[in-house]
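Scroll down for the structure; my scribbles are underneath it.
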Amino acid sequence: MERIQAAIAKARAARGGRDAHGGTEAGPDGATLPAFFARTGAPAAEAAGIAEAWEALAEAAPAPRHLARHHVVAHRGGRDSAPFDVMRTKLLHHMRARGWRRLAITSPGAGCGKSTIALNLAFSLARQPELRILLVELDLRRPALARMLGLTGRHSVADVLAGAAAFEDHAVRIGANLAVATSRQPVRTPSELLQGASVPGVLAAIETRYAPDMVIFDMPPLLVSDETLAVAGLVDCALLVAAAESTSAREVDICEQELAERTNVLGIALNKCRYMEPGYGYGDYG
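With this note's numbering applied, the sequence shown covers 212 to 497.
Set out below in structure tokens:
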């Protein structure tokens, strides 16, 4: 882990020191959904419309054991969720300070765990009762979120992006303030779809209707296809997920440069670390 961090720092220095971080249902606190959304600061009529839109989403309740099998732990909080809660707090701080809303999560290659991090981060954020979170799956060649959540509906976020279907027909709501849009089947031409003329308008319409505080996009690996590059200009910032002992420092540097040319790079999450430095953690939060 130290070697890859040192190599990344060296590569940045070689680029001149440039930093690339350049209702009836109860809400989270027991209130009904309309009351929950009314307290978010929107005018009454607008809050009612937002609440109605969220209530219209089909509700899903993933089984805790199924989530645990897929390393999704942040829905319940506690010690296992601590790393994602730290990430949540740092991301919120940076994004709120800059007025950013759209976050892309990608990786250099396959198997880095970006979808796992995207799900855990979404669940961690949703435990903040005043936040509304959307998680949108754009890794359309190898979609994984529906399987990880145990969803069985034949949802297709691709149809939504193409303007052929409504968001509420292809998304589910988990709890009061987390919505997830997935795809059950791979898409044959995802690059052409994501670069289509309809995509910017569709995303803007979704944000207008659901007023999310953050939209997380689970993107394809950056060095595998061009889909992430196609979408990078539509997001406010990106988080790069690297796998310890697997992702090379050169791959991280290439990805960081590619992303920095198109959007703001918030940082690099080093995943799958089997050995942590002594003294890491505090008390029960190791």
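All residues carry an ideal CB built from backbone N, CA and C; glycine is no exception.
With a contact defined as Cβ atoms closer than 8 Å, Ala279 and Val347 miss out at about 24 Å. Between the alpha carbons of Pro275 and Thr439 lies a gap of roughly 31 Å. Annotated as proximal: His282 and Thr327, with beta-carbon spacing under 7 Å. In this structure the stretch 477–485 lies against the stretch 439–455, because at least three pairs of beta carbons, one per stretch, are closer than 8 Å. Arg276: member of the alpha helix (DSSP H) spanning 275–280, first to last residue. The Cβ atoms of Pro432 and Gly320 sit closer than 7 Å to each other. According to DSSP, residue pairing for Ser292 in a beta bridge does not occur. With a cutoff of 7 Å on beta-carbon distance, Leu302 and Ala337 are scored as not near each other. Residue state for Ala392 is assigned as strand, using DSSP reduced to three classes.
With a cutoff of 7 Å on beta-carbon distance, Leu351 and Val410 are scored as not near each other. A straight line joining the alpha-carbon of His286 with that of Asp370 spans about 28 Å. Looking at the DSSP output, Asn482 bridges to Ala454. Straight-line spacing of the CA atoms in His277 and Gly444 works out to 35 Å. The Cβ atoms of Ala333 and Ile344 lie closer than 7 Å to each other.
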